[in-house]
Amino acid sequence: MVYGHPNGVNCVKGEIHNVLSVMRVNARWATAARFKREVPTHTQSALLRRFKDLHVSLEGVIDLSDVDTLNVLEPFVHVVESEKTSGFITGAAISSLNKFLLYGLIPPDGLRATEAINRIALCVSRCRFEETHRDVDEMVLMKLLELLEFCLRCEAGPLISGDNVWNMARASMHLVHMAENTLAHVILTVFDRIAEMDAPLLPPSAVASSQDDDNDNADEDALEVS
Numbered sequence: 057m058v059y060g061h062p063n064g065v066n067c068v069k070g071e072i073h074n075v076l077s078v079m080r081v082n083a084r085w086a087t088a089a090r091f092k093r094e095v096p097t098h099t100q101s102a103l104l105r106r107f108k109d110l111h112v113s114l115e116g117v118i119d120l121s122d123v124d125t126l127n128v129l130e131p132f133v134h135v136v137e138s139e140k141t142s143g144f145i146t147g148a149a150i151s152s153l154n155k156f157l158l159y160g161l162i163p164p165d166g167l168r169a170t171e172a173i174n175r176i177a178l179c180v181s182r183c184r185f186e187e188t189h190r191d192v193d194e195m196v197l198m199k200l201l202e203l204l205e206f207c208l209r210c211e212a213g214p215l216i217s218g219d220n221v222w223n224m225a226r227a228s229m230h231l232v233h234m235a236e237n238t239l240a241h242v243i244l245t246v247f248d249r250i251a252e253m254d255a256p257l258l259p260p261s262a263v264a265s266s267q268d269d270d271n272d273n274a275d276e277d278a279l280e281v282s
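In this note's numbering, the protein residues as written are 57 to 282.
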């Protein structure tokens with residue numbers, strides 16, 4: 057647990073850097089101007105500004121328990137809920153929230169801990185992102201399931217409202233159904249392709265060996281009958 061320790065502040069700063077790095081790889085959030093001059097804050101997107109404002113607010117902070125927990129989470133939560141972010145970016149923000157929960161950065165007695173943990177619970181059901189690659193999108197869904205689990209099982213989990221617990225359960229079931237549908241499509245596709253194959257799945261030597269075994273078994277059965 058790093059809450060109330062200087063490592064807690066460093067952890068948050070590190071996750072700010074991680075998410076911003078992933079965002080700047082995307083053409084929508086990248087700008088060459090920042091390499092030549094300081095980009096005015098008011099000209100940047102709201103998502104980027106939230107992270108920078110949080111980083112500035114953490115300057116000189118030693119104990120994370122002195123910081124409003126909800127303010128720490130808000131930039132990451134907004135990324136998870138944004139429809140303009142890709143699966144890569146959304147996945148990075150979810151990973152950050154998972155790390156905060158695992159490291160105990162939201163203790164039950166923290167500043168606005170109830171609002172903070174319920175904010176995470178709410179963002180799970182509001183998760184939106186642009187579809188990119190199938191593998192990436194599935195990875196995001198897996199991370200989202202992890203976030204559901206960590207959110208409920210962390211020390212602040214009992215502070216989650218009944219309504220949010222119900223919404224999380226519904227979201228979990230929705231993700232499970234999506235996984236089941238994906239598996240069903242995979243199985244159907246595999247068997248469809250097997251039926252379309254002209255060549256046997258086994259090499260000729262294996263097929264011949266199998267046929268010889270069948271003939272030997274038939275001869276033995278005939279001897280036993282006679």
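Here a beta-carbon is modelled for each residue, glycine too, at the ideal position from N, C-alpha and C. None of these values were measured; they are calculated from a predicted model.
For I150, count the other beta carbons within 10 Å of its own beta carbon; 16 or more makes it buried, fewer makes it exposed. Which is it? buried
Given V180 as reference, the closest of N74, L231 and L200 once Cα atoms are compared: L200
CA-to-CA distance, P214 to V78, given in whole angstroms: 33 Å
Closer than 8 Å by C-beta to E186: which residues in its own chain qualify, once you throw out the five before and the five after it? Chain order, please. E139, K140, T141, S142 and G143
For the alpha helix (DSSP H) that N2 lies in, which residues bound it at each end? A query on residue 2 cannot be resolved here, the shown segment of the chain reaching from 57 to 282 and no further.
Nearest-angstrom Cβ-Cβ length linking A227 and L204, presumed shorter than 8 Å: 7 Å
What is the DSSP secondary structure of E171, counted as helix, strand or coil? helix
Close-in-space but distant-in-sequence residues of the same chain around N74 (CB under 7 Å, 5 per side omitted): A148 and S152
Could you check if I49 is buried or exposed, using at least 16 other CB atoms within 10 Å of its CB as the buried criterion? In the structure as shown, the chain begins at 57 and stops at 282. Residue 49 is therefore absent and cannot be evaluated.
With DSSP collapsed to three states, give me the class of S282. The pLDDT assigned to S282 is 48, lower than 50, so where the model puts this residue is not dependable; a value taken from the coordinates is nonetheless given after this. It is coil, neither helix nor strand.
Nearest-angstrom Cα separation, counted from W222 out to R105: 33 Å
Tell me which residues share the same chain as E71 and place their Cβ nearer than 7 Å to its Cβ, disregarding the 5 neighbours each side in the sequence. S152 and K155
Reference P164; option with closest CA among V117, L110, N66 and S121: S121
Simplified DSSP assignment, three categories, for S217: coil
Return helix, strand or coil for S152, following the three-state DSSP convention. helix
When the Cα atoms are used, what is the spatial distance from L197 to L231? 7 Å
Nonlocal neighbours in the same chain, by C-beta distance under 8 Å from I216, ignoring five residues either side: I173, N174, A177, C207, L208 and M224
Option nearest N63 by Cα separation, candidates R168, D191, D119 and V192: D119
Going straight from the alpha carbon of L103 to that of M229, what length do you get? 30 Å
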